[in-house]
């Protein structure tokens, strides 16, 4: 049975500590309509309130999907994660961040979503796999923020995230999105119980991603980073990847460090400018990027070589 952290626990009152200004944006979010204003809620929450947390949570959300053999086999078959892990990571993170920053209805956000659809359109992907990936983008940030953020998510944020990702999923052509926050979470839990299992493709894609995380730090720290990754994965993920359990005390150490960070942030002034992944230098595109140039290089090359009236090949 997969162990699922709850993402439906009502948040406490705003935590003690910090100035009154620290909660101005929370009050703004609480005054918005979670369905009509869902794009504004995600912009405020991810761009101002939980910049670092939302980025880390979305990284681990995608990591969680690699525990499904159908997803990891596709990633392995494309070769992108084994040969071009950093580019695949950066391009995916940039496209998701563009949608979170600008929304999905127009402008850069809509262009990024169309680019995501373009990339996925080259492959045969089951609707349930699309639906599960969508669920991780919704629930993993909530679970991470409620555990490690400087405050827990409020009800409007949770419902706003649901309506936001439901809107994204609809524009991606994903069918049968559950009709409520609770129903979608129940569906995702049942899907994990059924789909999470060990497969060699999980191990290879999971190890490539783990090693990518470790590569961001000086080489002597790589073993420690790998242990920190293991500590952040629940037992179901460790089993699906075939990873060892973290060293004794490692989970407590990582958990304590992240919680301490949240308590420190609570006492700092609120952010005045947004900070999305798109605003930071990245390893693949240090001089900047065009949304239309993001994605696997082999697909970009194939599209350039194909006559304009020829359909894309689906692997």
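Residue numbers (UniProt numbering): 1 to 315.
Note that beta-carbon positions come from the ideal geometry of N, C-alpha and C, so glycine has one too.
Nothing here was measured: the structure is a model prediction, and the numbers come from that model.
Residue range of the unbroken alpha helix (DSSP H) whose run includes residue i
{"i": "residue 84", "result": "Neither: residue 84 is in no alpha helix (DSSP H) and is coded neither H nor E."}
{"i": "residue 209", "result": "200-215"}
{"i": "residue 235", "result": "235-241"}
{"i": "residue 49", "result": "Taken as a continuous stretch (DSSP letters only), residue 49 belongs to no alpha helix (DSSP H), as it is neither H nor E."}
{"i": "residue 379", "result": "Look at the range of the chain in this structure, 1 to 315, and you will see that residue 379 is not part of it."}
{"i": "residue 255", "result": "250-266"}
{"i": "residue 277", "result": "Premise fails: residue 277 is in no alpha helix (DSSP H) and is neither H nor E."}
Spatial distance of residue i from residue j (CA atoms)
{"i": "residue 213", "j": "residue 248", "result": "21 Å"}
{"i": "residue 258", "j": "residue 274", "result": "22 Å"}
{"i": "residue 108", "j": "residue 173", "result": "19 Å"}
{"i": "residue 166", "j": "residue 131", "result": "10 Å"}
{"i": "residue 26", "j": "residue 72", "result": "38 Å"}
{"i": "residue 285", "j": "residue 94", "result": "10 Å"}
{"i": "residue 113", "j": "residue 271", "result": "27 Å"}
{"i": "residue 303", "j": "residue 289", "result": "19 Å"}
{"i": "residue 59", "j": "residue 232", "result": "12 Å"}
{"i": "residue 170", "j": "residue 77", "result": "27 Å"}
{"i": "residue 199", "j": "residue 192", "result": "14 Å"}
{"i": "residue 229", "j": "residue 155", "result": "29 Å"}
{"i": "residue 190", "j": "residue 57", "result": "21 Å"}
{"i": "residue 122", "j": "residue 70", "result": "16 Å"}
{"i": "residue 188", "j": "residue 143", "result": "14 Å"}
{"i": "residue 256", "j": "residue 164", "result": "31 Å"}
{"i": "residue 215", "j": "residue 88", "result": "15 Å"}
Beta-carbon proximity check, residue i vs residue j, cutoff 7 Å
{"i": "residue 225", "j": "residue 75", "result": "no"}
{"i": "residue 54", "j": "residue 178", "result": "no"}
{"i": "residue 104", "j": "residue 168", "result": "yes"}
{"i": "residue 208", "j": "residue 81", "result": "yes"}
{"i": "residue 86", "j": "residue 283", "result": "yes"}
{"i": "residue 91", "j": "residue 292", "result": "no"}
{"i": "residue 150", "j": "residue 265", "result": "yes"}
Exposure label - residue i; buried when at least 16 CB within 10 Å
{"i": "residue 34", "result": "buried"}
{"i": "residue 202", "result": "buried"}
{"i": "residue 235", "result": "exposed"}
{"i": "residue 217", "result": "exposed"}
{"i": "residue 50", "result": "buried"}
{"i": "residue 145", "result": "buried"}
{"i": "residue 269", "result": "exposed"}
{"i": "residue 135", "result": "buried"}
{"i": "residue 194", "result": "exposed"}
{"i": "residue 240", "result": "buried"}
{"i": "residue 31", "result": "exposed"}
Cβ distance (whole Å) where residue i is taken to contact residue j below 8 Å
{"i": "residue 162", "j": "residue 184", "result": "7 Å"}
{"i": "residue 148", "j": "residue 262", "result": "5 Å"}
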